[in-house]
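Have a look at the structure below, then the notes.
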Amino acid sequence: MPTLKTTPMYRYFKKLFCIVFVSAFFLHCGKDSGANNYAGGSPAGQGGSLARFAVVGNYMYAVDKENLSVFSIADAANPQLVNIVKVGFEIETIFPFKDKLFIGSTSVVHIFSISNPQSPEKLSQAISPDVMRRCDPVVAKDTVAYATLRVNGACGGVQSILACYDVKDITRPVQRGVALVGEPYGLGYKDNVLYVCDRQRGLIVFDISKAYEPVQIKTIWTGRWFLDVIPYNDLLICWTDTGVSLYDITDNRNPALLTTIQ
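Residue numbering for the sequence shown follows full-length UniProt numbering, starting at 1 and increasing by one per position.
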């Protein structure tokens, strides 16, 4: 009978961990980690909303199509797979927020508690009444979660939206607002500004001062396909179809292009 260490998943994510560890090292060296705007009580790796893994404290959480895998990284040179938790089907993304994990799929956002880091426990799930099947990158801020519900192509459906969920009661998330978008992908926020990647419109900048009533401020169209964003202090790291673009977001309502790496 195979053990956790002999499974293909373990071997895959052990390789993945090495990549994550090196990336995190360079990010840490590049900027003061104390200024990281990750909104949580525990040290956490900064990742995009399309990420399939997240680092929180001494643990890395990774998702495949159905499962959540938990790795202990207390010994960075020897990561240990300590648990595999069944989540659901067609799992796509994971986003850490405080002691919670928001896990997006093509049908629902699953919310897990990691108050016991080795044993994630499902608390609830959020689903939009506006879209029955879609792709769900998700981020959380305070008592609000934002998800881009893309219905084009493989995700099916008619109208894509940015959904705003009230998660004050984490066990009973409720959709409170929506904004229409074109073909959205990843998203991220800095303070009261939300950045949404849209294949049709470029990078959309929203004012979220009123959490459930996003107001579009501007769009940035470069001819590139924006896929995901990571706000890191005053830097917006944008993954596009041709490479990586870096924007200065000292004025977070007006991203200014610094450079493009192809």
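Backbone N, C-alpha and C fix where the C-beta goes; we use that ideal spot for every residue, glycine too.
Computed from a predicted model, the values in this text were never measured in an experiment.
Answer yes or no: do glycine 186 and aspartate 248 have a C-beta to C-beta separation smaller than 8 Å?
Against the sequence shown, residue 186 aligns to sequence position 186. Against the sequence shown, residue 248 aligns to sequence position 248. Pairing glycine 186 with aspartate 248 gives a Cβ-Cβ distance that is not under 8 Å.
Cα-Cα separation, glycine 177 to aspartate 75
For this step, residue 177 is matched to residue 177 along the sequence shown. For this step, residue 75 is matched to residue 75 along the sequence shown. Taking the straight line from one Cα to the other gives about 43 Å.
Between which residues of its own chain and threonine 250 is the CB-CB distance below 7 Å, once the five residues before and five after are set aside?
The sequence position of residue 250 within the sequence shown is 250, counting from 1. The residues are Asp234.
Less than 6 Å between C-beta atoms, sequence neighbours within five positions excluded: which residues of the same chain meet that for alanine 179?
Mapped onto the sequence shown, residue 179 falls at position 179. Cβ neighbours of alanine 179 within its own chain (closer than 6 Å, five residues either side excluded): Leu162 and Pro214.
Report yes or no: is there a C-beta of chain D within less than 8 Å of the C-beta of lysine 190?
Checking the listed chains, one finds no chain D in this structure; it contains a single protein chain.
Taking its Cβ as the centre, do 16 or more other Cβ atoms sit within 10 Å of tryptophan 221, making it buried, or is it exposed?
Locating residue 221 in the sequence shown gives position 221, where the first residue counts as 1. Label assigned to tryptophan 221: exposed.
Since alanine 54 and proline 96 are thought to touch, with beta carbons under 8 Å apart, how far apart are those beta carbons, to the nearest angstrom?
For the purposes of this step, residue 54 is taken as residue 54 along the sequence shown, with counting starting at 1. For the purposes of this step, residue 96 is taken as residue 96 along the sequence shown, with counting starting at 1. Taking the Cβ atoms as the reference, alanine 54 lies roughly 4 Å from proline 96, within the contact range of under 8 Å.
CB contact flag (valine 85, isoleucine 103, <8 Å)
Translated into positions along the sequence shown, residue 85 becomes position 85. Translated into positions along the sequence shown, residue 103 becomes position 103. No. Outside cutoff.
Please go through the same chain and pick out, in chain order, the residues whose beta-carbon is closer than 6 Å to the beta-carbon of tyrosine 242, but skip the five residues on each side of it.
By 1-based counting over the sequence shown, the position of residue 242 is 242. Tyrosine is not the amino acid found at residue 242; the sequence shown has threonine there. Arg224 and Gln262.
Compute the beta-carbon to beta-carbon distance between proline 184 and cysteine 164, rounded to the nearest angstrom, for a pair I have assumed lies under 8 Å.
The residue given as residue 184 occupies position 184 in the sequence shown. The residue given as residue 164 occupies position 164 in the sequence shown. Between the beta-carbon of proline 184 and that of cysteine 164 there is about 13 Å, and that puts the pair past the 8 Å contact cut.
Return the chain-ordered list of same chain residues with a C-beta closer than 6 Å to the C-beta of alanine 126, the five sequence neighbours on each side being excluded.
In the sequence shown, the residue the question calls residue 126 occupies position 126. Sequence-distant Cβ neighbours of alanine 126 in its own chain, meaning closer than 6 Å and more than five residues away, are Val109, Tyr165 and Pro173.
Measure from the alpha carbon of isoleucine 217 to the alpha carbon of each residue in Leu149, Asp99, Cys238 and Arg253, then state which is nearest.
The residue given as residue 217 occupies position 217 in the sequence shown. Looking at the Cα atoms, Arg253 is the closest of the given residues.
Is lysine 31 helix, strand or coil when you go by DSSP?
On the sequence shown, position 31 is the one that residue 31 refers to. A caution first: lysine 31 carries a pLDDT of 40, below 50, which makes its placement in the model unreliable, though a value can still be read off. Under the three-state reduction of DSSP, lysine 31 is assigned to coil, being neither helix nor strand.
Reduced DSSP category for isoleucine 231 - H, G, I as helix; E, B as strand; rest coil:
Reading the sequence shown from its first residue, position 231 is the one you call residue 231. Here residue 231 is proline; the residue named in the question, isoleucine, does not match the sequence. In this structure, DSSP gives proline 231 an extended state, which the three-state scheme calls strand.
With DSSP run on the structure shown, which of helix, strand or coil describes tyrosine 212?
Along the sequence shown, one-based indexing puts residue 212 at 212. Here tyrosine 212 sits in coil by DSSP.
Start-to-end residues for the beta strand (DSSP E) that takes in glutamate 92
Numbered from its first residue, the sequence shown carries residue 92 at position 92. Its beta strand (DSSP E) spans residues 91-97.
Beta strand (DSSP E) containing residue 311: first to last residue?
Not covered by the structure: residue 311. The range shown for the chain is 1 to 262.
Measuring CB to CB, does threonine 93 end up less than 8 Å from proline 137?
Numbered from 1 along the sequence shown, position 93 holds the residue referred to as residue 93. Numbered from 1 along the sequence shown, position 137 holds the residue referred to as residue 137. Contact annotation: threonine 93 and proline 137 have beta-carbon atoms nearer than 8 Å.
Beta-bridge pairing of isoleucine 161 - partner residues as DSSP gives them:
To locate residue 161, count along the sequence shown from 1; it is residue 161. DSSP, once it has assigned bridges, lists Leu149 and Leu180 as partnering isoleucine 161.
Can you pull the DSSP bridge partners for alanine 54?
Within the sequence shown, the letter at position 54 stands for residue 54. In the DSSP output, where bridge partners are listed per residue, alanine 54 has Tyr61.
Residue burial classification, serine 209 (beta-carbon count within 10 angstroms, cutoff 16):
Start at 1 with the first residue of the sequence shown, and residue 209 comes out as number 209. Exposed is the call here.
Rounded to the nearest angstrom, how far is the Cβ of isoleucine 91 from that of valine 70, given a contact under 8 Å?
As a working mapping, residue 91 is identified with position 91 in the sequence shown. As a working mapping, residue 70 is identified with position 70 in the sequence shown. That pair is no contact at about 14 Å.
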